[in-house]
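**Student:** Here it is, the structure, as structure tokens.
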Amino acid sequence: MLSFGDDQPSSAPHRARVILAGPDDRVLLFRFVPPDPWPKEPAWHLPGGGIEVGETPAEAAARETLEETGHVLSPAALGAPVAVNEGAWSNLGRHFYTVHTYFFARVPVATVAPTALEDYEVEDFSLGNRWWSAAEPAATQERVFPPGLAALVPALLAGERLAAPVRLHWSPD
5 MLSFGDDQPS
15 SAPHRARVIL
25 AGPDDRVLLF
35 RFVPPDPWPK
45 EPAWHLPGGG
55 IEVGETPAEA
65 AARETLEETG
75 HVLSPAALGA
85 PVAVNEGAWS
95 NLGRHFYTVH
105 TYFFARVPVA
115 TVAPTALEDY
125 EVEDFSLGNR
135 WWSAAEPAAT
145 QERVFPPGLA
155 ALVPALLAGE
165 RLAAPVRLHW
175 SPD
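The opening position of the sequence shown corresponds to residue 5 in my numbering, with each subsequent residue numbered one higher.
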């Protein structure tokens, strides 16, 4: 989920994430608590992660969603990205730049059953999950990433798609 290294925009790590909607129009967010020595800034994130060599963003989003949730998605059925964001951040004196591409998909049941459990058994961080109604991300005082997700979800749930991906801000500032 996190990239390590002094990356510049030209070599920025790319991530692919999915706004995953259940049959009751709730979206899945994962609780991420960073490992030590990272500052404890719990936040909620969409399923997804890094793009591996040779993968398209849609293929990475489908693979990561399967590993994290157990839901099988077709990269072709994901269609075009619905949003993108990118930005610089730093921790412990190191600087990072990351690009995220977001897709939207509906699933028949609101369940989470990771298929790559071995990945989670060796990690120092803990993951939790929750299915959120469209109004809840906007109402919470907790950090939801990406900022702007709350404004995007109602239109996607209503079946609206823009001609081009929405550019989401990197931070709420």
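Here a beta-carbon is modelled for each residue, glycine too, at the ideal position from N, C-alpha and C.
1) Where do the ends of the beta strand (DSSP E) carrying residue 25 lie?
2) Are the beta-carbon atoms belonging to residue 150 and residue 104 less than 8 Å from one another?
3) Check for me: the beta strand (DSSP E) holding residue 98 runs from which residue to which?
4) Using the Cβ count rule (16 or more neighbours within 10 Å means buried), how would you classify residue 128?
5) Using the C-alpha atoms, what's the distance from residue 56 back to residue 3?
6) Thinking just about the alpha-carbon of each residue, which of 133, 54, 65, 171 is nearest to the one in residue 31?
7) What residue does the alpha helix (DSSP H) around residue 30 start on, and which one ends it?
8) Below 8 Å on the Cβ atoms is my guess for residue 92 versus residue 101; work out the distance and round it to an integer in Å.
9) Using alpha carbons as the reference points, say which of 21, 136, 153, 25 lies closest to residue 163.
10) With a CB to CB cut of under 6 Å and the five nearest residues on each side skipped, what residues in its chain are close to residue 108?
**Tutor:** According to the structure shown:
1) 18 to 25
2) yes
3) 98 to 110
4) Low local confidence applies: a pLDDT of 45 at residue 128 is under 50, so the model's placement there is unreliable, with the coordinate-based value given in what follows. The residue in question, residue 128, is exposed, as its Cβ has fewer than 16 Cβ neighbours within 10 Å.
5) The question about residue 3 has no answer, for the chain in this structure spans 5 to 177.
6) 133
7) Premise fails: residue 30 lies in the beta strand (DSSP E), 30 to 37, not in any alpha helix (DSSP H).
8) 5 Å
9) 25
10) 23, 86, 160
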